[in-house]
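**Student:** Let me give you the structure first, and then I'll get to my questions.
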Ligand code: BG6
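In my numbering, the protein residues as written are -16 to 487.
Below you can see the structure in the form of C-alpha cells.
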C-alpha cells in the first residue's frame, strides 16, 4: 500500500495483517528459534495473523517439513514467554510451516523456492505477497538477494519485501556496498532493516511521551537539560557467540545500531505527521547532526573495555579471552562508552553519554535525562541533586521523575523522591515482544520502526573514526573485572565534563 494510503487507512492503528508468505533464510539458526517462530506463533495465538499465511524456512541442513515443525515446536515451548501453548492452535499453525533445504549460492534453490511459493500461494491464498527475511550470517545477505533477483522472486503477483537483520555492514563502506547491492534488486521502499530496539514498547513510548504530552517538550532542550546518559548493560557474557562477537564488539553490536536509534528517538525533532518517512526523516536528521569525531579526538570521546575473569557471587566467571571461540589475544571491546555531541540548535553543548557492555553487574537498559540545577540554592549548603527523568527500557519498564522534596519534620532538609509510571501496574497487560511488533509492521508495510539507509550510514559515520582508532590503539586488556561496571577510563571520560555515571 502506498504510504499516503496507509496513513489514511483507519485500520492502520489496529494492525490487521494481510495474507502473505514469510520466507526465512537461516531457518536453522538461533534467531529463528528464539525469536521469529515464537513471535509468529504468539501472533497466531492472538489471532493477529491472516488465516492466509505460511512460512517457508530455508537453510542447508537436510530436514523434512515434519522435522522442521517438531524443531519449531520445541522452540515455541521453550522460548515463548508468558503464553500458554495450545495444542489445537499449534496443529493449525504448524500445517503452515514448510522447509526447503538448499545452498543459497546455487540458482537451483531459488527455482525451487519460486515453485514452493506458487504452491503455498495456491493452498493458502497468500495472494503472492511475500516477506523475505534474512536471518543468516551477514556474508550470505548479498548472495541471497542476488539469487532472489536472478530468479525474479523480487517481483511477484503481490508485494515483496525484504527484512534484513543486523548487522547492516561492518563499517561505513561495507554498509554502503551492501545497500548498493540490495538496491539493484529491491527498491528502498521494500527494504526493512530491522533494529529490534525500535520495536520495544518502551522505545516506541518515548515518542508518545514526548509528542503526545504538552508538558515535557518545552523543557526538552539545552536550556533545561544538562546531559543524557543511555545505558544498555548485560550481565551475560557472549553465550556461545564468541566467534561472531569477536568480529563485532560492543560498539558495533549495540551502539552503532540499537543505542544510536534510541538516542535519535530521545533527541529528534517532532515529525510533521506520524507517518513512516516523516518519523524517519527526523531520526535521520538527528543522526546526521551527531558530530563526527576527528581522528585525534577519538581517544577523548570513547573508551573500550574488555572483561577479565572474576569470582562473582561464589562463581568463577571466565574472562572474554577464555570464552569459547575467542582468540586468547583478542582486542575486541566487550564494553564501549562514547560521548556524542549533537550539533544542532536544540542540543548544542549537551553531551550524550552512551555505554554498553557484557558481564556488567546486571541486565538493565535505560535512559537518564539530567536536568540543570535551579539558578539559586535557597537551602543552605545542602547539595541539591539534579532532577532526573529515567526511561526504563528493560526490565521493570516504566518512567520515573526524580525531584527533591522536603523531608517531614523540623527544618528544611531536602531529599530526592520520585514519581513513577510502571507499565505492569498501569496497564496490567502483557507487552508484545519487539519481534511481534516488527513482524506485523513489515507484513502491513509500515516501515516507521525500521531503519533507512541514510540513518544507517549516518550512525556508521558517527562511530567510524572510533573504530578506526581502535584498530591500532594500545589497549591494556582486560581492563575490567567480569561483574563490575566497566573500566575506570570510562569514569574519567565523564569526569572531564564534571559528570558521573549513574548506577542504574
Ligand atoms: C543483539 C546483540 O542485537 O541485542 C546481542 O547482538 C545483545 O549481543 C542483544 O545481547 C540485546 O538485546 P536485548 O533485547 O536483550 O536488550
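The C-beta atom is built at its ideal place from N, Cα and C for all residues, glycine as well. Quick caveat: nothing in here was measured; it's all calculated off a predicted structure.
Might you give, ordered along the chain, the residues of its own chain that have their beta carbon closer than 6 Å to the beta carbon of residue 244, omitting 5 neighbours on each side?
**Tutor:** Here the question's residue 244 lines up with position 261 in the chain shown. The answer, listed in chain order, is 178, 180 and 181.
**Student:** How many whole angstroms separate the CB atoms of residue 234 and residue 250, which I take to be in contact at a CB cut-off of 8 Å?
**Tutor:** Within the chain shown, the letter at position 251 stands for residue 234. Within the chain shown, the letter at position 267 stands for residue 250. Incorrect: roughly 19 Å between the Cβ atoms, too far for contact.
**Student:** Residues in its own chain within less than 6 Å of residue 353 by CB, not counting five upstream and five downstream?
**Tutor:** The residue you call residue 353 lines up with position 370 of the chain shown. Excluding positions up to five away in sequence, the list reads 209, 210, 369 and 371.
**Student:** Can you look up residue 285 in the DSSP assignment and give me helix, strand or coil?
**Tutor:** The residue you call residue 285 lines up with position 302 of the chain shown. Of the three classes helix, strand and coil, the one that applies to residue 285 here is strand, per DSSP.
**Student:** Whose C-beta lies closer than 6 Å to the C-beta of residue 434 among residues of the same chain, with five residues either side of it excluded?
**Tutor:** Locating residue 434 in the chain shown gives position 451, where the first residue counts as 1. Hits under 6 Å: 176 and 178.
**Student:** Measuring straight from C-alpha to C-alpha, what distance separates residue 296 and residue 475?
**Tutor:** Here residue 296 is taken as the residue at index 313 of the chain shown, counted from 1. Here residue 475 is taken as the residue at index 492 of the chain shown, counted from 1. Each residue's Cα considered, the two are about 28 Å apart.
**Student:** Are the beta-carbon atoms of residue 107 and residue 35 separated by less than 7 Å?
**Tutor:** Position 124 of the chain shown, counted from the start, is the residue given in the question as residue 107. Position 52 of the chain shown, counted from the start, is the residue given in the question as residue 35. Contact: yes.
**Student:** Specify whether the region 214 to 223 and the region 400 to 416 touch according to this definition: at least 3 beta carbon pairs, one from each stretch, less than 8 Å apart.
**Tutor:** Contact between the region 214 to 223 and the region 400 to 416 is absent, because fewer than three Cβ pairs lie under 8 Å.
**Student:** Taking Cβ positions, are residue 449 and residue 337 nearer each other than 7 Å?
**Tutor:** Sequence index remark: in the chain shown, residue 449 carries index 466 (1-based). Sequence index remark: in the chain shown, residue 337 carries index 354 (1-based). No, the Cβ-Cβ distance between residue 449 and residue 337 is not below 7 Å.
**Student:** Assign residue 315 to one of two classes, buried (16 or more other C-beta atoms within 10 Å of its C-beta) or exposed (fewer than that).
**Tutor:** Sequence index remark: in the chain shown, residue 315 carries index 332 (1-based). Classification of residue 315: buried, given that the 10 Å Cβ count is 16 or more.
**Student:** What's the C-alpha gap between residue 20 and residue 32?
**Tutor:** Taking the first residue of the chain shown as 1, we reach residue 20 at position 37. Taking the first residue of the chain shown as 1, we reach residue 32 at position 49. Answer to the nearest angstrom: the Cα atoms are 13 Å apart.
**Student:** Pick out whichever of 56, 10, 38 and 13 has its Cα sitting closest to the Cα of residue 74.
**Tutor:** Walking along the chain shown from the start, residue 74 turns up at place 91. Closest option to residue 74, Cα to Cα, is 56.
**Student:** Helix, strand or coil, according to DSSP, for residue 462 in the structure here?
**Tutor:** Position 479 of the chain shown holds residue 462. It is coil, neither helix nor strand.
**Student:** Which residue from 388, 376, 481 and 479 puts its Cα closest to that of residue 487?
**Tutor:** The residue you call residue 487 lines up with position 504 of the chain shown. Ranking the options by Cα distance to residue 487, first place goes to 376.
**Student:** Between the region 279 to 287 and the region 198 to 209, do three or more beta carbon pairs fall short of 8 Å?
**Tutor:** With a cut-off of 8 Å, the region 198 to 209 and the region 279 to 287 do not count as touching, because too few Cβ pairs lie within range.
**Student:** According to DSSP, residue 212 sits in a beta bridge with which residue or residues?
**Tutor:** Stepping through the chain shown from its first residue, residue 212 is reached at position 229. Partner(s): 336 and 351.
**Student:** Note down the Cα distance separating residue 497 from residue 339, rounded to an integer number of angstroms.
**Tutor:** Only positions -16 to 487 of the chain appear in the structure, and residue 497 is not among them; the question remains open.
**Student:** Am I right that residue 62 and residue 17 are in contact with their C-beta atoms under 8 Å? What's the rounded C-beta distance?
**Tutor:** Taking the first residue of the chain shown as 1, we reach residue 62 at position 79. Taking the first residue of the chain shown as 1, we reach residue 17 at position 34. The Cβ separation is near 5 Å, so the contact holds.
**Student:** Got a sec, what are the start and stop residues for the alpha helix (DSSP H) residue 244 sits in?
**Tutor:** As a first step, residue 244 is located in the chain shown; it is residue number 261 there, counting from the start. From DSSP, the alpha helix (DSSP H) with residue 244 extends over 243 to 250.
**Student:** Answer yes or no: do residue 113 and residue 4 have a C-beta to C-beta separation smaller than 7 Å?
**Tutor:** Against the chain shown, residue 113 aligns to sequence position 130. Against the chain shown, residue 4 aligns to sequence position 21. Result yes, Cβ atoms of residue 113 and residue 4 sit closer than 7 Å.
**Student:** If we count the other Cβ atoms within 10 Å of its Cβ and call it buried at 16 or more, is residue 54 buried or exposed?
**Tutor:** For the purposes of this step, residue 54 is taken as the residue at position 71 of the chain shown. Classification for residue 54: buried.
**Student:** Would DSSP call residue 294 helix, strand or coil?
**Tutor:** In the chain shown, the residue the question calls residue 294 occupies position 311. Three-state result, residue 294: strand.
**Student:** Does the distance from the C-beta atom of residue 27 to that of residue 418 stay below 7 Å?
**Tutor:** For the purposes of this step, residue 27 is identified with residue 44 of the chain shown, where counting begins at 1. For the purposes of this step, residue 418 is identified with residue 435 of the chain shown, where counting begins at 1. No, the pair does not count as a contact, with Cβ atoms beyond the cut-off.
**Student:** Can residue 236 be considered in contact with ligand 1, in the sense that its beta carbon sits closer than 6 Å to one or more heavy atoms?
**Tutor:** To locate residue 236, count along the chain shown from 1; it is residue 253. Within the cutoff, so yes.
**Student:** Measuring only the C-alpha atoms, how far is residue 147 from residue 124?
**Tutor:** Here residue 147 refers to the residue found at position 164 of the chain shown. Here residue 124 refers to the residue found at position 141 of the chain shown. Cα-Cα distance, rounded: 8 Å.
**Student:** For residue 2, count the other beta carbons within 10 Å of its own beta carbon; 16 or more makes it buried, fewer makes it exposed. Which is it?
**Tutor:** Residue 2 sits at position 19 when you count from the first residue of the chain shown. Residue 2 is buried by the Cβ-count criterion.
**Student:** Where are the alpha helix (DSSP H) runs, 4 residues long or more, that stay fully inside the region 416 to 485, in chain order?
**Tutor:** Whole alpha helix (DSSP H) segments, 4+ residues: 417 to 427, 436 to 455 and 471 to 478.
**Student:** Residues bridged to residue 8 by DSSP?
**Tutor:** For the purposes of this step, residue 8 is taken as the residue at position 25 of the chain shown. BP columns for residue 8 point to 41 and 117.
**Student:** Excluding five sequence neighbours on each side, which residues of the same chain lie with their C-beta closer than 6 Å to the C-beta of residue 128?
**Tutor:** Taking the chain shown and counting its residues from 1, the one referred to as residue 128 is at position 145. 165 and 168.
**Student:** Go through its chain and collect everything with a Cβ distance to residue 0's Cβ below 7 Å, but skip five positions before and after it.
**Tutor:** Stepping through the chain shown from its first residue, residue 0 is reached at position 17. Closer than 7 Å at the Cβ level, and outside the excluded window around residue 0, lie 31, 32, 33, 423, 426 and 427.
**Student:** Taking all protein chains shown into account, decide if residue 120 is buried (16 or more other Cβ within 10 angstroms of its Cβ) or exposed.
**Tutor:** Within the chain shown, residue 120 is the residue found at index 137, counting from 1. So residue 120 counts as exposed.
**Student:** What distance in whole Å lies between the Cβ atoms of residue 459 and residue 293, which are believed to be in contact at a cut-off of 8 Å?
**Tutor:** For the purposes of this step, residue 293 is identified with residue 310 of the chain shown, where counting begins at 1. For the purposes of this step, residue 459 is identified with residue 476 of the chain shown, where counting begins at 1. That pair is no contact at about 17 Å.
**Student:** Which same chain residues, not among the five before or five after residue 272, have their C-beta less than 8 Å away from its C-beta?
**Tutor:** Taking the chain shown and counting its residues from 1, the one referred to as residue 272 is at position 289. Correct list, in chain order: 325, 326, 327 and 330.
**Student:** How long is the line joining the alpha carbons of residue 396 and residue 386, rounded to whole angstroms?
**Tutor:** Working through the chain shown from its first residue, we reach residue 396 at position 413. Working through the chain shown from its first residue, we reach residue 386 at position 403. Spanning the two alpha carbons is a distance of roughly 13 Å.
**Student:** By DSSP, does residue 312 sit in helix, in strand, or in coil?
**Tutor:** Translated into the one-based positions of the chain shown, residue 312 becomes position 329. Residue 312 falls in the coil class under three-state DSSP.
**Student:** Using C-beta distances below 6 Å, list every residue in its chain close to residue 278, excluding the 5 sequence neighbours before and after it, in chain order.
**Tutor:** Here residue 278 refers to the residue found at position 295 of the chain shown. Closer than 6 Å at Cβ, skipping near neighbours: 448.
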